[in-house]
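Peer 1: One structure coming up, written as structure tokens, with questions to follow.
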Amino acid sequence: MPARNRYAISFTEAEEAFVARIDFHRHDPTTREARVAYEGNLEPIPHLLSSLRERNAIPAQRVSYWTDPEFRTGRLKGSREQLFARNGTVGEEAFVQFGFLPMLHYLLFGARLPLAVMAAFEAEVGDPRWVSLDDALDHGRFARNLVRQYCLNPSDSGDEFFKLALDLGLWVQSGLRIEQIVRHNR
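Sequential numbering from 1096 applies to the sequence shown in the numbering used here.
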């Protein structure tokens, strides 16, 4: 099970059991282990997401990260959910795909960054109510320096800082600006 941080959502006992059964590892899709992991995830993921939806346990910004086109940049237009649909996977079928596992991790646990990085970034941001789009430039530079200091991959870290910015309560546009600065680490 992935490591917990303060951004992880709270689970009921039944949900905790489902989470414990999910294989979050990236497997080579051509191996037997990948097939076993896929088959093992067929039951717990839809049950877990159904339970979480029933009690509105997933924070709104995380749901929007999946469903709202504004929360995504790139050549292809649309939300992450719409991109899965374009590839022919919708609803519960999308939830058990290996490509959805990073999304599921974010829905459940928040950004995948070292705890020290998250704490430093949160301290830098301060009260998110007072962060403007101009402030996002400075926060993006600070995040970029953290990426260098902790030897993180800028491409992956950009999206993780965007997720963290959303969880901290920053505006989507501010988060996207931070992501862009981190991703284009020069």
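Ideal Cβ positions, reconstructed from N, Cα and C, are used throughout, including at glycine.
This one's a predicted model, so the numbers in the text were calculated from it and none came from an experiment.
Grouping DSSP H, G and I as helix and E and B as strand, with all else coil, what is G1264?
Peer 2: Coil, per DSSP.
Peer 1: Assign Q1192 to one of three DSSP states: helix, strand, or coil.
Peer 2: Residue state, collapsed to three classes: coil.
Peer 1: Using CA atoms only, rank isn't needed, just tell me which of V1191, A1112, I1153, A1206 is closest to L1137.
Peer 2: Cα-wise, what sits closest to L1137 is V1191.
Peer 1: Under 7 Å Cβ to Cβ from F1106, same chain only, skipping five residues before and after it: list those, please.
Peer 2: Result list for F1106: V1114, in chain order.
Peer 1: Going straight from the alpha carbon of L1241 to that of A1260, what length do you get?
Peer 2: Spanning the two alpha carbons is a distance of roughly 14 Å.
Peer 1: Quick check on the burial criterion: 16 or more other C-beta atoms within 10 angstroms. Buried or exposed for S1250?
Peer 2: Counting Cβ neighbours within 10 Å, S1250 comes out exposed, since fewer than 16 surround it.
Peer 1: Along the chain, where does the alpha helix (DSSP H) that runs through P1139 open and close?
Peer 2: Segment 1139-1149, the alpha helix (DSSP H) holding P1139.
Peer 1: Determine the closest residue to I1276 out of E1255, L1263, L1199, with distance taken between C-alpha atoms.
Peer 2: Nearest C-alpha to I1276: E1255.
Peer 1: Count the other CB atoms within 10 Å of the CB of R1199; is the residue buried (16 or more) or exposed (fewer)?
Peer 2: What sits at residue 1199 in the sequence shown is Leu, not Arg. By the neighbour-count rule (16 or more Cβ atoms within 10 Å), L1199 is buried.
Peer 1: Tell me, to the nearest whole angstrom, how far the beta carbon of D1262 is from that of Q1177; I am working on the premise that it is less than 8 Å.
Peer 2: Wrong, their Cβ atoms sit about 23 Å apart, outside the cutoff.
Peer 1: Between P1141 and E1187, how many whole angstroms is the CB-CB distance? I'm expecting something under 8 Å.
Peer 2: Confirmed, about 4 Å.
Peer 1: Between which two residues does the alpha helix (DSSP H) harbouring G1235 extend?
Peer 2: Where G1235 is concerned, the enclosing alpha helix (DSSP H) stretches over 1228-1244.
Peer 1: Expressed to the nearest angstrom, what Euclidean distance is found between the alpha-carbon atoms of G1221 and F1237?
Peer 2: The alpha-carbon atoms of G1221 and F1237 are separated by roughly 13 Å.
Peer 1: Taking only beta-carbon atoms, is F1195 less than 9 Å away from chain C?
Peer 2: Judged by its chain identifiers, the structure shown contains no chain C, having just a single protein chain.
Peer 1: Please list, in chain order, all residues of the same chain as R1116 whose beta carbon is under 6 Å from its beta carbon, the five residues on each side excluded.
Peer 2: Once the five neighbours on either side are set aside, the close Cβ partners of R1116 are P1139.
Peer 1: Looking only at C-alpha atoms, which of G1194, Q1268, Y1160 sits nearest to R1121?
Peer 2: Taking only the C-alpha atoms, the option nearest R1121 is G1194.
Peer 1: Which residue's Cα is closest to the Cα of L1232: T1162, A1211, S1269, L1143?
Peer 2: Of the candidates T1162, A1211, S1269, L1143, the one whose C-alpha sits nearest the C-alpha of L1232 is S1269.
Peer 1: Specify the secondary structure class of P1209 as computed by DSSP and reduced to three states.
Peer 2: Coil.
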